[in-house]
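In this note's numbering, the protein residues as written are 28 to 237.
By construction, the Cβ of each residue, glycine as well, lies at the ideal position given by its N, Cα and C atoms.
One structure below.
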DNA sequence: ACATTAAGTGATT
DNA sequence: AATCACTTAATGT
């Protein structure tokens, strides 16, 4: 596991910190689809993503959800960070988009390292920043983009995090992620297929050119 | 063969 | 862009 740590975080952190992470962190492997954080959960440890991708969702009242952004390896979850510091409940849900490997760091260590290691502090601040940027991007997408553009972005992101241009997803699942109806998704996808940008199959979508 | 689930489509708001 | 109503196609038992 030491190798994986170095591979993904070695260029960021000094050896001493990596050593501590290796000792204290607990590796957690999760399967695709498993829920890592539920809304209203209290967070007791910080996940650092070693491998795979995590999907971050916002949910309204009951059932209706919306994808905010994805987290890939080398990243951490900003929500977790703010929750630990403020000891607050999670406002979001985190679901494993693919099979994933996480390194879990206890909250106490996370705050202690903030003082002890400059590289850690920078990592946290930097991570906060990039998550905030992604949030802005998500807002722009919803507010200014039409459904066809939103869908394209969704497919692009999905293909990127799964490192595969054959996406295993149904029209219904996409509709839920984008908070729209299945019929609309089917129509737009059909249009994209006619433009030869994608190819449609049952339960699958092949990305040709985005 | 039948039931279930995914996807396609016209019409309406 | 959403909803309804209906059809067609694929898959499971």
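| Check | Outcome |
| --- | --- |
| Which of the three DSSP states is assigned to residue 55 in this structure? | strand |
| Determine whether the beta carbon atoms of residue 80 and residue 135 lie at a separation below 8 Å. | no |
| With distances taken from CA atoms, which of 236, 143, 151 and 173 is nearest residue 44? | 143 |
| Please work out which residues of its chain come closer than 6 Å, Cβ to Cβ, to residue 110, disregarding the five sequence neighbours upstream and downstream, and give them in chain order. | 70 and 117 |
| Please determine whether the Cβ atom of residue 236 lies at a distance below 7 Å from any heavy atom of the ligand FMN. | What this structure holds is no ligand at all, so the ligand FMN is not there to describe. |
| In whole angstroms, what separates the C-alpha of residue 100 from that of residue 166? | 23 Å |
| Can you tell me whether residue 46 is helix, strand or coil according to DSSP? | helix |
| Are the beta-carbon atoms of residue 76 and residue 121 separated by less than 8 Å? | no |
| To test your reading of the DSSP string, which unbroken beta strand (DSSP E) runs of 3 or more residues are found completely within the region 159-232? | 193-195 and 225-228 |
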